[in-house]
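Chemist: In this text, residue positions in the sequence shown follow the numbering used here: the first is 4, and each later residue adds one.
For each residue, glycine too, the CB sits at the ideal point set by N, CA and C.
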Amino acid sequence: MTDERPFWETKQLDEMSRAEWESLCDGCGKCCLHKLEDEETGELMATNVACKLLDRRSGQCGNYRNRHAFVPECVRLTPRKLRQIDWLPTTCAYRLIDEGKPLADWHYLVCGDREAVHTAKVSVRGWTVSETDVGDDLEHHLIDREL
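1) Indicate, with yes or no, if the ligand PLP has a heavy atom lying under 6 angstroms from the CB of E25.
2) Helix, strand or coil for L106? Go by DSSP, reduced to three states.
3) Since V52 contacts E134 with CB under 8 angstroms, what's their CB separation in whole angstroms?
4) Let me know the secondary structure DSSP gives K33 once reduced to three states.
5) Please classify A123: does DSSP put it in a helix, a strand, or coil?
6) Does the stretch 6-19 come into contact with the stretch 31-42, if we say contact requires no fewer than three beta-carbon pairs (one atom in each stretch) closer than 8 angstroms?
7) If I follow the unbroken beta strand (DSSP E) through V113, where does it start and stop?
8) Rounded to whole angstroms, what is the Cα-Cα separation between V120 and E102?
9) Roughly how many angstroms lie between the CA atoms of T44 and P105, to the nearest whole one?
10) Taking the alpha-carbon of D58 as reference, which of L47, R70, M48, W109 has the nearest alpha-carbon?
11) Using the beta-carbon count (16 or more within 10 Å), is D29 buried or exposed?
12) Leaving out the 5 sequence neighbours to the left and right, which residues in its chain are closer than 8 angstroms to R60 when beta-carbon positions are compared?
13) Taking the beta carbon of I100 as the centre, do at least 16 other beta carbons fall within 10 Å, making it buried, or is it exposed?
14) What is the rounded straight-line gap between the Cα of L112 and the Cα of L91?
15) Are L145 and M48 close, meaning C-beta to C-beta below 7 angstroms?
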């Protein structure tokens, strides 16, 4: 008898093929937002400022393959790094799967619709600005919103 469940329900993150791994990204774009660290508490605070490479409409990187050439500090997410990063959105598929939780109903792998993440208002669409328009003034762009 074969297991008909989708790969994200049957495999651990480190067992997935590159294509499976990449397909988990829901396109919310939240991981591409700048965060500031409170110097006293160490707490990370989110801003509405997106990486210059982020297509804020689609929630996808505009130059994913070459992103490190333009944004050297961009994190290349791996199963090992995932466990060390505490700022990923609570809705992030990588995080959910690592925690043994199901993907959200709006995730396109579940519902088949790439726009669902935006319709559910879980993405950066409509409320972010590009870092190219902000400069170094990130403090004025802090947001009180869960990522």
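Modeler: By the coordinates alone:
1) Among the ligands in the structure shown, none appear at all, so the ligand PLP cannot be discussed.
2) If you number the sequence shown from 1, residue 106 lands on position 103. The answer is coil: DSSP assigns L106 none of H, G, I, E or B.
3) Start at 1 with the first residue of the sequence shown, and residue 52 comes out as number 49. Start at 1 with the first residue of the sequence shown, and residue 134 comes out as number 131. Rounded, the Cβ-Cβ distance is 5 angstroms, consistent with contact.
4) Mapped onto the sequence shown, residue 33 falls at position 30. Correct three-state label for K33: helix.
5) In the sequence shown, counting from the first residue as 1, residue 123 sits at position 120. The answer is coil: DSSP assigns A123 none of H, G, I, E or B.
6) Flag = no, the stretch 6-19 and the stretch 31-42 do not touch.
7) On the sequence shown, residue 113 is found 110 positions in, with the first residue counted as 1. Looking at the DSSP string, V113 is not in any beta strand (DSSP E); the run it does join, the alpha helix (DSSP H), is 111-114.
8) Taking the first residue of the sequence shown as 1, we reach residue 120 at position 117. Taking the first residue of the sequence shown as 1, we reach residue 102 at position 99. For the pair V120 and E102, the Cα-to-Cα distance works out to about 20 angstroms.
9) Along the sequence shown, read from residue 1 onward, the residue named residue 44 stands at position 41. Along the sequence shown, read from residue 1 onward, the residue named residue 105 stands at position 102. About 32 angstroms.
10) By one-based count along the sequence shown, residue 58 stands at place 55. Among L47, R70, M48, W109, the Cα nearest to that of D58 belongs to R70.
11) As a first step, residue 29 is located in the sequence shown; it is residue number 26 there, counting from the start. By the beta-carbon neighbour count (other beta carbons within 10 angstroms, threshold 16), D29 is buried.
12) Working through the sequence shown from its first residue, we reach residue 60 at position 57. Answer for R60: R128, listed in chain order.
13) As a first step, residue 100 must be located in the sequence shown, where it is residue number 97. With at least 16 other beta carbons inside 10 angstroms of its own, I100 counts as buried.
14) By one-based count along the sequence shown, residue 112 stands at place 109. By one-based count along the sequence shown, residue 91 stands at place 88. About 19 angstroms.
15) As a first step, residue 145 must be located in the sequence shown, where it is residue number 142. As a first step, residue 48 must be located in the sequence shown, where it is residue number 45. Taking 7 angstroms as the Cβ cut-off, L145 and M48 qualify as a contacting pair.
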